[in-house]
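Chemist: Okay, here's the structure, questions in a sec.
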Amino acid sequence: MTPRYKTMMLALAAGLFMGAPASAQMSSLGPANASISIEEIQVAFIGSGQLGGGYVTYRGLAYPITVGGLGVGGFGASKLSATGSVYGLRRIEDLAGPYVQLREGWAIGDAGRGRLWLRNNKGVTLRLATRRQGIQLALGADGVVIRFKR
213 MTPRYKTMML
223 ALAAGLFMGA
233 PASAQMSSLG
243 PANASISIEE
253 IQVAFIGSGQ
263 LGGGYVTYRG
273 LAYPITVGGL
283 GVGGFGASKL
293 SATGSVYGLR
303 RIEDLAGPYV
313 QLREGWAIGD
323 AGRGRLWLRN
333 NKGVTLRLAT
343 RRQGIQLALG
353 ADGVVIRFKR
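The letter at position 112 of the sequence shown is residue 324 when you use the numbering used here, and the numbering goes up by one with no holes.
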């Protein structure tokens, strides 16, 4: 991910998510179309990186996915498990691609919680509750890519 692309993604995140309270934005999305679960490893020291995978369940079928990204903000390392809802998914193909991710959370040992909000340019929004294990303070924004496993 080039520095220019990362800057554009962070600016997009600010515009998409910081303009209104999260609860107001979630209520304007309508009902969830799918559910998602992700397991990943996150490492952060000013910059951050993540790698993992999971499943999205859409119209009764489970699709395996991979997740990876780079970002800014946070400190430490943790294993993250996230589950949540997918909004604005009209076709399963719309799930794949780059997302802007805003995150907040913490982890100390086996105790840790947080939230993730991701949005792509196709109007797909992911709202995830997270559980973390490790030592990490996470607050920042990332560029994330979701792909289907083959």
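Cβ atoms here follow ideal geometry from the backbone N, Cα and C, with glycine treated the same way.
Computed from a predicted structure; not experimentally measured.
#1: Can you find the residues in the same chain that come closer than 8 Å, C-beta to C-beta, to L301, ignoring five residues on each side of it along the sequence?
#2: With C-beta atoms as the reference, is L338 less than 8 Å away from I248?
#3: Roughly how far, in whole angstroms, is the beta-carbon of R325 from the beta-carbon of L292, given that I think they are within contact range, below 8 Å?
#4: Should G296 go down as buried or exposed, given a rule of 16 or more other Cβ atoms within 10 Å for buried?
#5: Return yes when the Cβ of Y275 is within less than 8 Å of the Cβ of I253, no when it is not.
#6: In whole angstroms, what is the alpha-carbon distance linking P310 and R359?
#7: Under the rule that 16 or more other beta-carbon atoms within 10 Å means buried, what is N332, buried or exposed?
#8: May I have the straight-line CA-CA distance separating V357 from Q313, to the nearest angstrom?
#9: With DSSP collapsed to three states, give me the class of L273.
#10: Only counting the same chain, and skipping five residues up and downstream in sequence, which positions put a Cβ closer than 7 Å to that of M230?
#11: What are the partner residues of K291, as DSSP defines its beta bridges?
Modeler: Taking the coordinates as given:
#1: N245, A246, Y270, L307 and V336
#2: yes
#3: That belief does not hold up - the Cβ atoms of R325 and L292 are roughly 10 Å apart, past 8 Å.
#4: Counting Cβ neighbours within 10 Å, G296 comes out buried, since at least 16 surround it.
#5: Not a contact, by the Cβ cut-off of 8 Å.
#6: 9 Å
#7: buried
#8: 10 Å
#9: strand
#10: At M230, the pLDDT of 39 sits below 50, so the modelled position is not reliable; the number obtained from the coordinates is stated separately. If we look at M230 and ignore the five residues flanking it on each side, it has no Cβ neighbours.
#11: Its beta-bridge partners are I253 and Q345.
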